[in-house]
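S.K.: Have a look at the structure that comes next, please.
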Amino acid sequence: MRVVGLTGGIGSGKSTVSSRLGELGAVVVDADAVVRELQEPGMPVFDAMVDKWGSSIVQSDGRLDRAAVAGIVFSDPDELRALEAIVHPVLQTEIKARIAAQSDTEKTVILDMALLAEKNNPYGVTEIIVVDLAPAEQVDRLVRYRNFSTDDAEKRIAAQATREDRLALADFVIDNSGTLAQLHEQVDDLWATELAPR
Ligand code: ATP
347 MRVVGLTGGI GSGKSTVSSR LGELGAVVVD ADAVVRELQE PGMPVFDAMV
397 DKWGSSIVQS DGRLDRAAVA GIVFSDPDEL RALEAIVHPV LQTEIKARIA
447 AQSDTEKTVI LDMALLAEKN NPYGVTEIIV VDLAPAEQVD RLVRYRNFST
497 DDAEKRIAAQ ATREDRLALA DFVIDNSGTL AQLHEQVDDL WATELAPR
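Residue numbering for the sequence shown follows this note's numbering, beginning at 347 and increasing consecutively.
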């Protein structure tokens, strides 16, 4: 097994890259997807969040109101720290377990995690792929495809590591300023030359 980190700013194209790598044969561990599972109603993380912020973060169907949570934590660094203190230890344990499940294989595990650039990594990541996009294009895609307001997109980008900090960690850089076809071509090439198990 080899564990390769995949990171990039919000809306940079990480999910698009990881799903392509999954099609090519990588085992993808998507940290956001794991967080969503941990935040399903009845899971300990969900319960701890409702204890902290009350019913205003629960939708009428009983599930987490993600927009309400984002509204709380992305305008107040203390609240963001409180959220991380609830989610991060459980997330870390779960990600480690999913990686450990591949340890006897020859697989390439891709750990898709925006926060790789912010956190020290306890996951045995030996190389990092950065999906790179200029901040102005990030804003443009978040507004165009994700229904963000320009202001929200800029705030979320400002709360993350800078483009330069991320690039400084990169062993492999994927430039996502072009078309989806160009993105796929780079991913296929990286897989064939660097990532596919030999
Ligand atoms: P998040 O940080 O929110 O998880 P992400 O980094 O995983 O986002 P994606 O979801 O892969 O980013 O991409 C963001 C949006 O931009 C998606 O709607 C995706 O289809 C689109 N997109 C990604 N790459 C390109 C591209 N090269 N051209 C046009 N649209 C793209």
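Even glycine gets a Cβ: it sits at the ideal position worked out from N, Cα and C. Nothing here was measured: the structure is a model prediction, and the numbers come from that model.
Is the CB-CB distance between residue 517 and residue 458 below 9 Å?
M.R.: To locate residue 517, count along the sequence shown from 1; it is residue 171. To locate residue 458, count along the sequence shown from 1; it is residue 112. No.
S.K.: Contact check, residue 538 vs residue 454 under 8 Å by CB: the rounded distance?
M.R.: Against the sequence shown, residue 538 aligns to sequence position 192. Against the sequence shown, residue 454 aligns to sequence position 108. The pair is not a contact, with the Cβ atoms about 12 Å apart (cut-off 8 Å).
S.K.: Quick check on residue 493: buried or exposed, where buried means 16 or more other Cβ atoms within 10 Å of its Cβ?
M.R.: Counting from one through the sequence shown, the residue named residue 493 turns up at place 147. When all chains shown are included, residue 493 counts as exposed.
S.K.: If we ignore side chains and look at the alpha-carbon of each, how far apart do residue 418 and residue 441 end up?
M.R.: Numbered from 1 along the sequence shown, position 72 holds the residue referred to as residue 418. Numbered from 1 along the sequence shown, position 95 holds the residue referred to as residue 441. Residue 418 and residue 441: Cα-Cα distance of roughly 26 Å.
S.K.: If we count the other Cβ atoms within 10 Å of its Cβ and call it buried at 16 or more, is residue 478 buried or exposed?
M.R.: For this step, residue 478 is matched to residue 132 along the sequence shown. Flag for residue 478 reads buried.
S.K.: Considering only DSSP beta bridges, list what residue 458 is partnered with.
M.R.: Along the sequence shown, one-based indexing puts residue 458 at 112. DSSP output for residue 458 lists 352 and 376 as bridge partner(s).
S.K.: At a cut-off of 8 Å, would you count residue 368 as near ligand 1, judging by its Cβ distance to the nearest heavy atom?
M.R.: By one-based count along the sequence shown, residue 368 stands at place 22. Not under cutoff, so the answer is no.
S.K.: Note the first and the last residue of the continuous beta strand (DSSP E) segment covering residue 474.
M.R.: Against the sequence shown, residue 474 aligns to sequence position 128. From DSSP, the beta strand (DSSP E) with residue 474 extends over 473-478.
S.K.: With 16 other CB atoms within 10 Å as the buried threshold, where does residue 405 fall?
M.R.: The sequence position of residue 405 within the sequence shown is 59, counting from 1. The residue in question, residue 405, is exposed, as its Cβ has fewer than 16 Cβ neighbours within 10 Å.
S.K.: Return yes when the C-beta of residue 360 is under 8 Å from any heavy atom of ligand 1, and no when it is not.
M.R.: Counting from one through the sequence shown, the residue named residue 360 turns up at place 14. Residue 360 Cβ: within cutoff of ligand 1.
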